[in-house]
Amino acid sequence: MYDLVIRGGTVYDGTGSAPFKADIAVKDGLIAEIGEVAARGKEEIDAAGQIVTPGFVDVHTHYDGQVTWDPYLQPSTFHGVTTAVMGNCGVGFAPCRPDRHDWLIGLMEGVEDIPGTALVEGIKWNWESFPEYMNAVEASPLALDVGLQVPHGALRAYVMGERGARLEPATAEDTAEMARLVKEALEAGALGFSTSRTEKHRDKHGEHTPTYKAEQDELHGIAKAMGESGKGVLQLIADFRDVDREFAMLRGMVEISGRPMSMTIEQDDRYPDTWKNVLRNIEEAAEAGLPVKGQVPPRPTGVLLGLSSSLNPFLMHQTFREIWHAPLEKQVEALRDPAFRARLLAEEPDYPAGEIVTMLCTAYHKMYELGDPPNYEPSPEDSVGAMAERDGKPPREVLLDLMLKRDGHALLYFPLMNYTGGSLDDVYKMMTHKHTAFGLGDGGAHVGILCDASFPTTILTHWGRDRTRGPKLPLEWLINRQTQANAELVGLLDRGVLAPGMKADINVIDFDGLKLRAPEIVYDLPAGGKRLIQKAEGYTATIISGTIAFKNGEPTGALVGKLLRGAKPRPQGARIGAAAD
Numbered sequence: 001m002y003d004l005v006i007r008g009g010t011v012y013d014g015t016g017s018a019p020f021k022a023d024i025a026v027k028d029g030l031i032a033e034i035g036e037v038a039a040r041g042k043e044e045i046d047a048a049g050q051i052v053t054p055g056f057v058d059v060h061t062h063y064d065g066q067v068t069w070d071p072y073l074q075p076s077t078f079h080g081v082t083t084a085v086m087g088n089c090g091v092g093f094a095p096c097r098p099d100r101h102d103w104l105i106g107l108m109e110g111v112e113d114i115p116g117t118a119l120v121e122g123i124k125w126n127w128e129s130f131p132e133y134m135n136a137v138e139a140s141p142l143a144l145d146v147g148l149q150v151p152h153g154a155l156r157a158y159v160m161g162e163r164g165a166r167l168e169p170a171t172a173e174d175t176a177e178m179a180r181l182v183k184e185a186l187e188a189g190a191l192g193f194s195t196s197r198t199e200k201h202r203d204k205h206g207e208h209t210p211t212y213k214a215e216q217d218e219l220h221g222i223a224k225a226m227g228e229s230g231k232g233v234l235q236l237i238a239d240f241r242d243v244d245r246e247f248a249m250l251r252g253m254v255e256i257s258g259r260p261m262s263m264t265i266e267q268d269d270r271y272p273d274t275w276k277n278v279l280r281n282i283e284e285a286a287e288a289g290l291p292v293k294g295q296v297p298p299r300p301t302g303v304l305l306g307l308s309s310s311l312n313p314f315l316m317h318q319t320f321r322e323i324w325h326a327p328l329e330k331q332v333e334a335l336r337d338p339a340f341r342a343r344l345l346a347e348e349p350d351y352p353a354g355e356i357v358t359m360l361c362t363a364y365h366k367m368y369e370l371g372d373p374p375n376y377e378p379s380p381e382d383s384v385g386a387m388a389e390r391d392g393k394p395p396r397e398v399l400l401d402l403m404l405k406r407d408g409h410a411l412l413y414f415p416l417m418n419y420t421g422g423s424l425d426d427v428y429k430m431m432t433h434k435h436t437a438f439g440l441g442d443g444g445a446h447v448g449i450l451c452d453a454s455f456p457t458t459i460l461t462h463w464g465r466d467r468t469r470g471p472k473l474p475l476e477w478l479i480n481r482q483t484q485a486n487a488e489l490v491g492l493l494d495r496g497v498l499a500p501g502m503k504a505d506i507n508v509i510d511f512d513g514l515k516l517r518a519p520e521i522v523y524d525l526p527a528g529g530k531r532l533i534q535k536a537e538g539y540t541a542t543i544i545s546g547t548i549a550f551k552n553g554e555p556t557g558a559l560v561g562k563l564l565r566g567a568k569p570r571p572q573g574a575r576i577g578a579a580a581d
């Protein structure tokens, strides 16, 4: 008798091959048989009329704090994620000296918009070194598998103290110590090393992240240590203002280490063609035999604006600041008062030139009402700017009316990145480039303004079924990219494919009924902190290591997840390509 049998589903095995009808049997956490399974299971799932896929591998999350108090890592697990990799973009919580806890919380609060009060309440700090942090995560209850990367920001501050935080150049001794600690972490099972070189990443006081101006000797010294260990992947984000010069330095890390690298690819309205130049450099590196990929999101990096969100277009108005910290119902009451409303709409704030906040407050052509289900490829004629022009109203008046819907709970959608042309045509080019991977969902981060951990569902529904403003993509290819391809990107060869001998991480999905629900604000972080979550309908079952961990997106209580220590080889005897035999 098998532990579990999934019967009669349409199997997308993760390799990109055509789907086929089959049963799947599971024993001892592994896939035992695929085909017409005669034996019974202790538990069975009727998957007739549904699709069966490998569990999704999310390579870009920021649950570094949340993983120590939340075994379910929501909202990612609402969307079929069975493996989550964190420690991206050079930020995380280890290593950290006891007297630097508040500083590191402030860095994460600023860079990743996670409430500091929640981090102070939730993190127990039963570690100092990165291996000790890994031990703490391993001792925490987990519903899914998690992998950790060494964050350069925490590492630099640990070694250099205030000098590191102030962006001072690392000395040869500093670099040697960072390299030693990275090797130590990789030997303990860290999946890789990450860094950040973007002006967008600042701490809660507006100061740059410590790694923003890290020099070549420092980066290459760390890369050399990774090469000596023969372990780990490299992940980073950079602005690439001087694309060729900066890429050459980062390419050098791959040349020195021999380790795979992935980097963020996004389109910024201010520099709309930079992503093309970065991809050109990636392609040249790949053609030279270097394992470099761009990591791309499957929809815009979309900021959610509203009274319940952390941002709204009236934040620069002094009149609004009179009610900013009032309860939502009091804000709504004031904004419906004709006198207060007139005073607010008449005010002309002093917007800072060239700052993103100015764009978020005034770029009315990029503001949209978020629907339910939400539309992540809205047409330009549905923007606030276009609505105002049609109705003969000032855009701010239209904004205010939209924000007051649902008693102030309504959200506006601002596609900050990847929407310069008013469609996802450029994202399509990024996604289908032969040297890119899917990522950047940022689960656990930007919790008051973004909710992109739902990317897996967008990939299936928008790109595989519903898109009308351009071509769709084959479902088997989309599933491959967030299963086998992503697993291989971070060295996890034991998962991502439905085949005998492989790890039994599986999704059973009612594809016809699969639907994203609108994001919502909840107050479930430690200390009552707020965050955005987004659920979906259609995930019948998510199975992790052969156990049903989630039904209809909700936890069953099964805690079978594990900390991943290092890359995972292909299991001996795994028969990929034999699934339909």
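If you count the sequence shown from 1, position 18 lands on 18 in my numbering, and the numbers rise without skipping.
Where is the CB? At the ideal position from N, CA and C, for every residue including glycine.
DSSP places residue 251 inside the alpha helix (DSSP H), whose first and last residues are 243-257. Boundaries of the alpha helix (DSSP H) harbouring residue 338: 338-346, taken from the DSSP string. Residue pairing for residue 568: DSSP places it in a beta bridge opposite 492. Nearest to residue 280 by alpha-carbon distance, out of 204, 167, 429 and 62, is 429.
Beta bridge pairing from DSSP links residue 319 with no other residue. Judged by DSSP in its simplified three-state form, residue 524 adopts coil rather than helix or strand. Between residue 399 and residue 83, the C-beta spacing is not below 8 Å. Under a 10 Å Cβ-count criterion, residue 444 is classified as buried, with 16 or more other Cβ atoms of the shown protein chains found around its own Cβ. The straight-line gap separating the alpha-carbon atoms of residue 254 and residue 490 is approximately 15 Å. Within its own chain, the residues whose Cβ lies closer than 6 Å to the Cβ of residue 147, once the five positions on either side in sequence are excluded, are 85, 191 and 564, listed in chain order.
The three-state secondary structure of residue 483, taken from DSSP, is coil. The alpha helix (DSSP H) runs lying completely inside the stretch 408-468 and spanning 4 residues or more are 425-432 and 455-458, given in chain order.
Looking only at 276, 156 and 175, the smallest Cα-Cα distance to residue 167 is reached by 156.
The C-alpha of residue 60 lies about 29 Å from the C-alpha of residue 575. Every beta strand (DSSP E) of 3 residues or more that sits fully in the stretch 62-146 is shown, in chain order, as 81-86.
When DSSP states are grouped into helix, strand and coil, residue 312 belongs to the coil group. Contact check for residue 385 against residue 409 fails: the beta carbons are separated by 8 Å or more. With respect to the C-alpha of residue 571, the residue from 434, 117 and 497 having the closest C-alpha is 497.
Straight through space, the alpha carbons of residue 371 and residue 404 are spaced by roughly 15 Å. Here the alpha carbon of residue 387 sits roughly 20 Å from the alpha carbon of residue 335. A Cβ-Cβ distance of about 15 Å is found for the pair residue 233 and residue 251, leaving them out of contact under the 8 Å criterion. Looking at the DSSP output, residue 46 shares a beta bridge with 7. For residue 281, the enclosing alpha helix (DSSP H) covers residues 274-287. Taken atom to atom, the span from the alpha-carbon of residue 414 to that of residue 298 is near 16 Å. In this structure, residue 30 lies near residue 504, with their beta-carbon atoms less than 8 Å apart.
Contact between residue 10 and residue 37 does not hold, since the beta-carbon distance rounds to 15 Å and is not under 8 Å. The criterion of a C-beta distance shorter than 8 Å is satisfied by residue 470 and residue 423. Spanning the alpha carbons of residue 76 and residue 339 requires a straight line of approximately 43 Å. By the beta-carbon neighbour count (other beta carbons within 10 angstroms, threshold 16), residue 519 is buried. Of the residues 301, 277 and 229, the one whose Cα lies closest to the Cα of residue 377 is 301. Taking a C-beta distance under 8 Å as the contact criterion, residue 49 and residue 107 do not qualify as a contact pair. Secondary structure within the stretch 213-245: the beta strand (DSSP E) runs of 3 or more consecutive residues, fully enclosed, are 233-238 (chain order). Taking C-alpha positions only, residue 159 is separated from residue 182 by approximately 12 Å.
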